[in-house]
Amino acid sequence: MIPLHSLRGRLTSFIHPFPFPSNSYSTLPISSHKMDGAYQQDIELLEKAFLMFGLAADDREVERLIKAFLVPVTLKMNSKFKPVQDKAMELLSHITKRLQTRSQVQLPIIVLIEQLDGATPLVQNFILVYLRIGIPRLSPVDQIEILPLLIKSMNNKTKKQIDSILSLYSGALIHLTITDAAALKSLVPPDGTMKEYYLCYQLTLLLIPYSYEGDLPPPGLTVSQYKQIVSDKPVDPDTLEKMKVATIHLLSSELFAINEMLIHLIIGSCDPRHSVYELCDQKLKHNSDYEDNGVIEKLYNIYLGTASEPYCYYLWSVNFCYFHVHHIIVHLTH
Numbered sequence: 001m002i003p004l005h006s007l008r009g010r011l012t013s014f015i016h017p018f019p020f021p022s023n024s025y026s027t028l029p030i031s032s033h034k035m036d037g038a039y040q041q042d043i044e045l046l047e048k049a050f051l052m053f054g055l056a057a058d059d060r061e062v063e064r065l066i067k068a069f070l071v072p073v074t075l076k077m078n079s080k081f082k083p084v085q086d087k088a089m090e091l092l093s094h095i096t097k098r099l100q101t102r103s104q105v106q107l108p109i110i111v112l113i114e115q116l117d118g119a120t121p122l123v124q125n126f127i128l129v130y131l132r133i134g135i136p137r138l139s140p141v142d143q144i145e146i147l148p149l150l151i152k153s154m155n156n157k158t159k160k161q162i163d164s165i166l167s168l169y170s171g172a173l174i175h176l177t178i179t180d181a182a183a184l185k186s187l188v189p190p191d192g193t194m195k196e197y198y199l200c201y202q203l204t205l206l207l208i209p210y211s212y213e214g215d216l217p218p219p220g221l222t223v224s225q226y227k228q229i230v231s232d233k234p235v236d237p238d239t240l241e242k243m244k245v246a247t248i249h250l251l252s253s254e255l256f257a258i259n260e261m262l263i264h265l266i267i268g269s270c271d272p273r274h275s276v277y278e279l280c281d282q283k284l285k286h287n288s289d290y291e292d293n294g295v296i297e298k299l300y301n302i303y304l305g306t307a308s309e310p311y312c313y314y315l316w317s318v319n320f321c322y323f324h325v326h327h328i329i330v331h332l333t334h
């Protein structure tokens with residue numbers, strides 16, 4: 001029987017078993033032009049990678065293997081050979097389980113974000129799974145540094161994928177400490193459709209209650225809007241508070257016009273958490289153009305909904321709604 005330490009030594013040569021080009025993770029090498037040769041090579045390389053993960057004994061080894069294999073293996077989900085896809089899926093499942101028990105292992109976050117562009121929807125969804133695991137493990141400084149990359153990655157994505165990216169973005173934004181408008185510019189989308197969607201998402205975030213139970217969505221939100229923020233499980237209340245505060249700080253910078261973020265400040269000033277409503281009240285004292293047609297329309301949409309998604313049929317049964325409506329009326333009449 002071959003000693004375990006000897007077997008590990010022999011497998012060292014496989015630490016980079018995918019000799020892909022230095023600047024590309026798009027495909028694994030194919031030494032044969034024959035279809036069956038390409039299939040066999042992919043299977044063998046995936047099996048070797050699987051064995052190496054099985055022998056990894058500590059966080060350092062697991063992290064080294066993840067940095068070498070995670071992206072190439074994820075991209076093998078694009079293989080035209082179903083057995084290769086199945087083997088890649090099996091390995092990714094194993095990697096995910098290892099990550100769940102090793103909270104200190106870091107993932108190649110920047111490379112994963114870069115692979116979102118141009119990848120198939122299937123691969124993009126896998127990448128988002130690993131970003132959800134890996135981004136919270138980064139240091140606060142590193143989380144802030146990837147925010148511009150997340151903003152850029154929203155282009156040409158589905159609505160659900162954009163929501164997932166913005167969820168990661170909002171979680172990292174709580175570590176924001178810079179206040180210079182020039183430095184903050186890269187943290188928000190440029191003018192256009194994506195910026196409008198970004199502002200709508202942040203408004204939804206501010207409307208999310210800290211605890212809520214019920215068959216209908218909370219006041220001011222549709223089912224789809226509520227699921228934008230609370231997809232799988234509710235956000236921790238303290239974390240949600242930090243996300244709201246960070247959002248208000250960013251929105252009230254010089255990056256946005258008053259009429260773009262005034263509605264956010266009004267909603268935030270109704271928040272039950274002191275840190276949120278006090279910050280919004282302070283900002284409202286310097287931004288009070290309540291007669292802007294765009295602001296009024298947004299307020300009515302929150303209160304009444306639209307023709308396709310009305311809110312009024314359930315809002316009246318919730319006391320929290322009265323607090324919102326009363327606050328809005330006060331601002332509009334004074």
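Numbering-wise, full-length UniProt numbering puts 232 at position 232 of the sequence shown, and it's gapless, one number per residue. Heads up, the beta-carbon is just placed ideally off N, CA and C, and yes, glycines get one too. On a predicted model such as this, the values are computed, not experimentally measured, just so you know.
Practice task
Have a look at LEU173 and TYR39 and give me their C-alpha separation to the nearest angstrom.
Solution key: Our two residues, LEU173 and TYR39, have alpha carbons roughly 43 angstroms apart in a direct line.
Problem - Neighbourhood of LEU111 by C-beta distance below 6 angstroms, restricted to the same chain and skipping five residues each side - result: Per the sequence shown, residue 111 should be read as Val rather than Leu. If we look at VAL111 and ignore the five residues flanking it on each side, its Cβ neighbours are VAL71.
Exercise for the section: Take every Cβ of the region 218-233, pair it with every Cβ of the region 244-253, and state whether three or more of those distances are shorter than 8 angstroms. Expected result: no
Exercise for the section: Could you give the DSSP three-state label for ARG132: helix, strand or coil? Expected result: ARG132: helix per DSSP, three-state reduction.
Practice task
Could you tell me the distance, in whole angstroms, from the CA atom of GLN41 to the CA atom of LYS76?
Solution key: Roughly 12 angstroms between the two C-alpha positions.
Problem - Three-state secondary structure (DSSP) of ARG64 - result: Looking at ARG64 - three-state DSSP - the assignment turns out to be helix.
Practice task
Could you tell me how far apart the beta carbons of ILE151 and VAL123 are, in whole angstroms, since I believe they sit closer than 8 angstroms?
Solution key: So it is not a contact: roughly 20 angstroms between Cβ atoms.
Exercise for the section: Assign LEU51 to buried or exposed, taking buried as 16 or more other Cβ atoms, counted over all protein chains shown, within 10 Å of its Cβ. Expected result: exposed
Exercise for the section: Could you check which residue in ILE135, LYS285, LEU304 and GLN225 has the C-alpha nearest to that of SER103? Expected result: ILE135
Practice task
Give the DSSP-derived three-state secondary structure of LYS233 in the structure shown.
Solution key: In the three-state scheme derived from DSSP, where H, G and I count as helix and E and B as strand, LYS233 is classed as coil.
Exercise for the section: Indicate whether at least one CB of chain C lies closer than 8 angstroms to the CB of ARG273. Expected result: Structure shown: chain C not included; a single protein chain is present.
Problem - Where TYR303 sits in the DSSP three-state scheme - result: helix
Problem - 8 angstroms Cβ cutoff met for PHE126 and HIS94 - result: no
Handout entry: Beta-carbon gap between VAL73 and ILE43 smaller than 8 angstroms
Key = no
Handout entry: Contacts around TYR169, its chain only, beta-carbon distance under 8 angstroms, and the 5 residues preceding and following it disregarded
Key = Exclusion of the five residues before and after TYR169 leaves LEU147, LEU150 and ILE151 as the residues of its chain whose Cβ lies within less than 8 angstroms of its Cβ.
Handout entry: Nearest neighbour of ASP292, chosen from VAL276, GLU278 and ILE263 [CA to CA]
Key = Selected option, being the one with the closest Cα: ILE263.
Practice task
Tell whether a beta-carbon distance below 8 angstroms holds between LYS244 and ASP281.
Solution key: no
Practice task
Take the Cβ of VAL141 as the centre, count every other Cβ of all protein chains shown within 10 Å, and call the residue buried at 16 or more, exposed below.
Solution key: Exposed, since its Cβ has fewer than 16 Cβ neighbours within 10 Å.
Handout entry: Rounded Cβ spacing between SER275 and PRO237 (contact assumed at less than 8 angstroms)
Key = Actually they are not in contact, since the Cβ atoms of SER275 and PRO237 sit about 12 angstroms apart, beyond 8 angstroms.
Exercise for the section: Would you mind stating whether LEU279 and LEU184 have Cβ atoms separated by less than 8 angstroms? Expected result: No, the Cβ-Cβ distance between LEU279 and LEU184 is not below 8 angstroms.
Exercise for the section: Note the first and the last residue of the continuous alpha helix (DSSP H) segment covering ASN155. Expected result: It is not in any alpha helix (DSSP H) - ASN155 carries neither H nor E in the DSSP assignment.
Exercise for the section: Kindly list the residues whose CB is nearer than 7 angstroms to the CB of HIS324, restricted to its own chain and excluding five residues on each side of it in sequence; keep chain order. Expected result: The pLDDT assigned to HIS324 is 49, lower than 50, so where the model puts this residue is not dependable; a value taken from the coordinates is nonetheless given after this. Only PRO219, GLY220 and CYS270 meet the Cβ criterion.
Exercise for the section: Indicate the three-state DSSP secondary structure (helix, strand or coil) for ILE144 in the structure shown. Expected result: Here ILE144 sits in helix by DSSP.
Handout entry: Counted within 10 angstroms of its Cβ, other Cβ atoms place VAL295 as buried (16 or more) or exposed
Key = buried
Handout entry: Distance between THR158 and GLN100 (C-alpha atoms, nearest Å)
Key = Distance between the alpha carbons of GLN100 and THR158 is about 27 angstroms.
Problem - The alpha helix (DSSP H) enclosing ARG98, as first and last residue numbers - result: 82-101
Practice task
If I'm right that ILE267 touches LEU240 with Cβ under 8 angstroms, what's the distance once you round it to whole angstroms?
Solution key: Contact flag wrong, Cβ pair sits at about 14 angstroms.
Problem - ILE133 beta carbon less than 8 angstroms from that of LEU107 - result: yes
Exercise for the section: From the DSSP output, in three-state form, read off SER275 for me. Expected result: helix
Practice task
Please list, in chain order, all residues of the same chain as HIS46 whose beta carbon is under 8 angstroms from its beta carbon, the five residues on each side excluded.
Solution key: A small fix is needed here, since residue 46 is Leu in this sequence, not His. Cβ within range, chain order: VAL73, LYS76, VAL84, LYS87, ALA88 and LEU91.
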